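A.B. asks:
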Amino acid sequence: MSSRPQRGASKGKKAAETSSPSEQPVRNKRVKISVTKTTAGRGRVPSQVEEPVATPGVPPYSERFLTIEAEERYNKIRNFSFNLEKGFDEDFLLAVPEIAQQLRDRGWGKLNSIVQRVERSGNATLVKEFYANAVALYGDHKDKNVYVRGKLVSYSPNEINGFLEAVVPQACAYSREKRRIRNGDEPTRRVVKDFVTVPGTPWHPKNSASSIPTKIDLAKFTPVAHAWATFFVRNIVSISSLSEYQVENAVGVKCIMEGSPINVGGWISGSIDAIVNHTGKTFSLGHCNLITALCRAKGVPEVDDEYRLPIRALVLRTFNEYGVPRGGAQGGHRGQEDHELEAEEIDRFERGVHPNQQQGGQQYTTPVNELAGMLYNLDFAERGGIQNIYYDTSSVAYTEALDYRASFPSSRFADLYPTQWAWDAHLADERNVLAARQVLHTSVWTRDIRADAERARAEQAANEEMTWELFARGSMFDGADPNASSSFGDFMSNDPSAGDDGQDDA
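Okay, so the sequence shown: first residue is 19 according to my numbering, each after it adds one.
(1) Can you grab the Cα-Cα spacing for the pair E320 / R82, in whole Å?
(2) Along the alpha helix (DSSP H) that carries V164, what are the first and last residues, could you check?
(3) Taking G140 as the reference, give the member of G288, E103, H222 with the closest Cα.
(4) Closest by CA to E183, which one among T384, R122, V145, P220?
(5) To the nearest angstrom, how far is the alpha carbon of K162 from that of S99?
(6) Count the CB pairs spanning the stretch 240 to 254 and the stretch 265 to 275 that are closer than 8 Å, and state whether there are at least three.
(7) Within 10 Å of its beta-carbon, does K211 have 16 or more other beta-carbons around it, so buried, or fewer, so exposed?
(8) Compare the C-alpha of I274 against each of R124, W285, S289, V265 and name the closest.
(9) Would you say K224 and E262 are within 8 Å of each other, going by their C-beta atoms?
(10) Only counting the same chain, and skipping five residues up and downstream in sequence, which positions put a Cβ closer than 6 Å to that of V133?
(11) Where does Y422 fall in DSSP's three states?
(12) On the three-pair Cβ rule with 8 Å, is the stretch 196 to 204 touching the stretch 172 to 181?
(13) Sorted by chain position, which residues of the same chain lie with C-beta nearer than 8 Å to T310's C-beta, five sequence neighbours on each side aside?
(14) Locate the alpha helix (DSSP H) running through D291, then write down its first and last residues.
(15) Output the distance between the C-alpha atoms of G479 and S461, rounded to the nearest integer angstrom.
(16) By Cβ distance, which residues of its chain are closer than 7 Å to R304, with the 5 residues on each side in sequence left out?
(17) For the putative contact between K169 and G317, defined by C-beta atoms under 8 Å, what is the C-beta separation to the nearest angstrom?
(18) What first and last residue would you give for the alpha helix (DSSP H) that runs through E108?
(19) So, helix, strand or coil for Q134, using DSSP?
(20) Is F431 helix, strand or coil when you go by DSSP?
(21) Pull up the distance between the alpha-carbon of P373 and that of A399, whole angstroms please.
(22) Could you say which of R207, R335, V242 lies nearest to P231 if we only look at CA atoms?
(23) Give me, in chain order, the residues of the same chain whose beta-carbon lies closer than 7 Å to that of E448; leave out the 5 immediate sequence neighbours on both sides.
(24) By alpha-carbon positions, which one of T85, W285, V386 ends up nearest to L420?
(25) What residue range is occupied by the uninterrupted alpha helix (DSSP H) comprising I274?
(26) What's the gap between the Cα of V265 and the Cα of T417?
(27) With DSSP run on the structure shown, which of helix, strand or coil describes I234?
(28) Just to confirm the assignment, what range does the alpha helix (DSSP H) spanning V153 have?
(29) Among L236, D442, S278, I95, whose alpha-carbon lies nearest the alpha-carbon of L260?
(30) At a cut-off of 7 Å, is I290 close to the ligand SAH when judged by its beta-carbon and the heavy atoms of the ligand?
(31) Below 8 Å CB to CB, which residues in the same chain sit around G30 once its five sequence neighbours on both sides are set aside?
(32) Please name the residue in V164, L434, D109 whose C-alpha comes closest to that of F95.
(33) When you compare only the Cα positions, how much space is there between Y92 and D442?
(34) At the level of alpha carbons, what is the spacing between Q438 and K233?
(35) Taking S278 as the reference, which of Y325, H296, R194, V171 has the closest Cα?
(36) Between R473 and H459, what straight-line distance do the alpha-carbon atoms span, to the nearest angstrom?
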């Protein structure tokens with residue numbers, strides 16, 4: 019590059035070119051300039067500090083939400099999981115100087131510090147409110163100022179670059195390379211694959227044979243490429259899928275390793291934009307630690323919030339096993355253990371269990387998955403109209419299952435069915451389900467009634483046959499038995515004979 023990059027977005031240069039939708043120049047607005055102290059060796063850099071503005075010219079809907087739409091958005095995403103951030107361990111950076119040097123040259127050291135696993139480093143409640151209020155942005159949305167608990171927090175490229183003290187290039191090489199790879203053929207993309215992977219690595223097997231390949235197996239990346247690949251999709255572009263690494267993201271890793279300029283603030287801002295504008299029913303949120311840090315820098319209050327910890331930082335032992343086939347080297351099992359521990363840690367975070375963090379709410383003696391299974395069975399039984407409950411309702415597990423169910427707030431009908439059409443469709447579905455259930459129950463009832471009638475008829479026939487066997491045959495009572503012709507009354511009224519008495523006395 020012929021031009022010299024500069025540090026911080028507040029020096030007045032034009033934002034770097036990027037394909038990110040957020041990469042737009044910031045509109046002029048009233049600011050006051052303050053001087054903040056930076057890390058050692060960087061001197062002082064000016065930063066833009068907004069004058070306190072509670073709302074963008076309109077009264078907020080509530081203390082936490084700018085509009086009612088923002089509150090509705092929050093209710094939708096409140097239980098969504100996060101794509102957790104992940105940094106580099108300090109000892110790891112000492113042992114791998116090429117990665118540490120890139121962090122220094124690009125001014126990404128503060129970003130790496132922010133995404134470290136430190137207590138209360140990520141405020142999940144605050145960040146979800148941020149994302150909810152971001153959908154209610156006013157004007158042309160270029161300011162990217164978000165109302166958060168009475169403060170305005172900007173996530174513009176300039177604001178993020180200035181906050182991170184990142185080097186801002188005049189042109190972003192990753193933007194250019196990403197467009198080229200997106201439009202490129204297989205040989206063009208193969209250059210990227212061969213750069214980031216160990217020699218002889220094929221394309222990911224999930225690529226379609228009839229189309230240009232797009233996926234690379236992350237396990238086949240070289241150690242340095244693997245480390246940067248994880249950092250890139252967890253902290254910069256926030257993508258939850260790692261194993262099937264997209265070639266468009268791999269070219270970003272290539273740019274980092276080659277020292278090509280990247281506008282990190284532009285790409286983080288674009289990643290936040292993508293999450294803000296996501297219209298899917300479920301998706302992962304991202305940048306929890308960074309957004310928390312941006313909010314804290316603006317003095318956003320924090321009270322009774324839920325916190326998230328990032329994934330533990332990359333350590334040297336795990337790094338040394340990158341690119342090593344399983345069982346292919348001494349100590350390979352140790353690296354595999356680290357990978358499995360990290361995967362389990364991610365899974366625990368996705369389930370809402372956060373290691374080394376005080377857990378809110380009730381703790382259960384029964385595994386949560388067993389409680390969830392019981393609740394699913396109970397819900398299915400209730401939905402199907404099954405009357406019997408076969409669980410021991412006096413057991414600890416059953417009691418804990420009901421308590422666990424109570425910890426999940428029920429969704430409002432207005433959130434589930436926001437339009438009249440959606441509500442009418444829901445009612446139609448309910449009627450169809452009820453009609454189907456009545457048909458099923460009527461069929462079962464008819465079958466049971468018929469079975470009872472058949473059983474009654476069979477029992478009656480059996481009784482009649484037995485009666486006929488006992489009394490209808492003349493040979494059974496034909497007069498041959500002398501007792502049959504004697505009167506029972508006569509027998510009881512006659513005294514025993516004298517001879518009998520004498521025999522008894524004898």
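Where a beta carbon is used, it is the ideal one built from N, C-alpha and C, also for glycine. These figures come from a predicted structure and were not determined experimentally.
C.D. replies: Working from what's here:
(1) One-based indexing of the sequence shown puts residue 320 at position 302. One-based indexing of the sequence shown puts residue 82 at position 64. Answer to the nearest angstrom: the Cα atoms are 11 Å apart.
(2) Reading the sequence shown from its first residue, position 146 is the one you call residue 164. Run containing V164: none in the alpha helix (DSSP H); it sits in the beta strand (DSSP E), 163 to 166.
(3) Counting from 1 along the sequence shown, the entry for residue 140 is found at position 122. For G140, the nearest C-alpha among the options comes from E103.
(4) If you number the sequence shown from 1, residue 183 lands on position 165. Closest by alpha carbon: R122.
(5) Position 144 of the sequence shown, counted from the start, is the residue given in the question as residue 162. Position 81 of the sequence shown, counted from the start, is the residue given in the question as residue 99. If you take the alpha carbons of K162 and S99, they lie about 23 Å apart.
(6) yes
(7) The residue you call residue 211 lines up with position 193 of the sequence shown. Looking at its Cβ environment, which holds 16 or more other Cβ atoms inside 10 Å, K211 is buried.
(8) On the sequence shown, residue 274 is found 256 positions in, with the first residue counted as 1. Looking at the Cα atoms, R124 is the closest of the given residues.
(9) The count along the sequence shown starts at 1 and reaches residue 224 at position 206. The count along the sequence shown starts at 1 and reaches residue 262 at position 244. Their beta carbons are under 8 Å apart, which means K224 touches E262 by this criterion.
(10) Sequence index remark: in the sequence shown, residue 133 carries index 115 (1-based). The residues are E103, G105, N253, N307, P328.
(11) Looking up residue 422 in the sequence shown gives position 404. Residue state, collapsed to three classes: helix.
(12) no
(13) One-based indexing of the sequence shown puts residue 310 at position 292. Answer for T310: S139, G140, N141, L144, V145, listed in chain order.
(14) Taking the sequence shown and counting its residues from 1, the one referred to as residue 291 is at position 273. Element bounds for D291: 282 to 294.
(15) Start at 1 with the first residue of the sequence shown, and residue 479 comes out as number 461. Start at 1 with the first residue of the sequence shown, and residue 461 comes out as number 443. Note on residue identity: the sequence assigns Ala, not Gly, to residue 479. Rounded to whole angstroms, A479 to S461 spans 27 Å at the Cα level.
(16) Indexing the sequence shown from 1 puts residue 304 at position 286. The sequence given here places Gly at residue 304; Arg does not occur at that position. Cβ neighbours of G304 beyond the five flanking positions: F100, N101, S256, S289, I293.
(17) To locate residue 169, count along the sequence shown from 1; it is residue 151. To locate residue 317, count along the sequence shown from 1; it is residue 299. Between G317 and K169 the Cβ distance is about 6 Å, and since that is below 8 Å, they are a contact.
(18) For the purposes of this step, residue 108 is identified with residue 90 of the sequence shown, where counting begins at 1. 108 to 113 is the span of the alpha helix (DSSP H), which, as asked, contains E108.
(19) Locating residue 134 in the sequence shown gives position 116, where the first residue counts as 1. It is coil, neither helix nor strand.
(20) The count along the sequence shown starts at 1 and reaches residue 431 at position 413. Three-state DSSP puts F431 in a helix.
(21) Indexing the sequence shown from 1 puts residue 373 at position 355. Indexing the sequence shown from 1 puts residue 399 at position 381. Note that P373 scores a pLDDT of 39, beneath 50, so its modelled location is shaky and nothing firm can be said.
(22) Walking along the sequence shown from the start, residue 231 turns up at place 213. Put simply, of R207, R335, V242 the residue whose alpha carbon is nearest the alpha carbon of P231 is R207.
(23) In the sequence shown, counting from the first residue as 1, residue 448 sits at position 430. Hits under 7 Å: none found.
(24) Counting from 1 along the sequence shown, the entry for residue 420 is found at position 402. That would be V386, whose Cα lies nearest to the Cα of L420.
(25) Along the sequence shown, read from residue 1 onward, the residue named residue 274 stands at position 256. From DSSP, the alpha helix (DSSP H) with I274 extends over 265 to 276.
(26) Here the question's residue 265 lines up with position 247 in the sequence shown. Here the question's residue 417 lines up with position 399 in the sequence shown. When rounded, the separation of the alpha-carbon atoms in V265 and T417 is 50 Å.
(27) Sequence index remark: in the sequence shown, residue 234 carries index 216 (1-based). Here I234 sits in strand by DSSP.
(28) Along the sequence shown, read from residue 1 onward, the residue named residue 153 stands at position 135. No alpha helix (DSSP H) holds V153; DSSP gives it neither H nor E.
(29) To locate residue 260, count along the sequence shown from 1; it is residue 242. Of the candidates L236, D442, S278, I95, the one whose C-alpha sits nearest the C-alpha of L260 is L236.
(30) Of the ligands one can find in the structure shown there are none, so the ligand SAH has no counterpart to examine.
(31) Here residue 30 corresponds to residue number 12 of the sequence shown, with the count starting at 1. Bear in mind that the predicted position of G30 carries a pLDDT of just 40, short of 50, making it unreliable; the figure below should be weighed with that in mind. Within the same chain, G30 has no close Cβ partners at all.
(32) The sequence position of residue 95 within the sequence shown is 77, counting from 1. Note that residue 95 is Ile in the sequence shown, not Phe. The shortest CA-to-CA distance from I95 to any of V164, L434, D109 is the one to L434.
(33) Here residue 92 is taken as the residue at index 74 of the sequence shown, counted from 1. Here residue 442 is taken as the residue at index 424 of the sequence shown, counted from 1. Near 24 Å, if we compare the C-alpha coordinates of D442 and Y92.
(34) Against the sequence shown, residue 438 aligns to sequence position 420. Against the sequence shown, residue 233 aligns to sequence position 215. Rounded to whole angstroms, Q438 to K233 spans 42 Å at the Cα level.
(35) Position 260 of the sequence shown holds residue 278. Proximity to S278 across Y325, H296, R194, V171 peaks at R194, based on C-alpha coordinates.
(36) Position 455 of the sequence shown, counted from the start, is the residue given in the question as residue 473. Position 441 of the sequence shown, counted from the start, is the residue given in the question as residue 459. So the two alpha carbons sit approximately 21 Å from each other.
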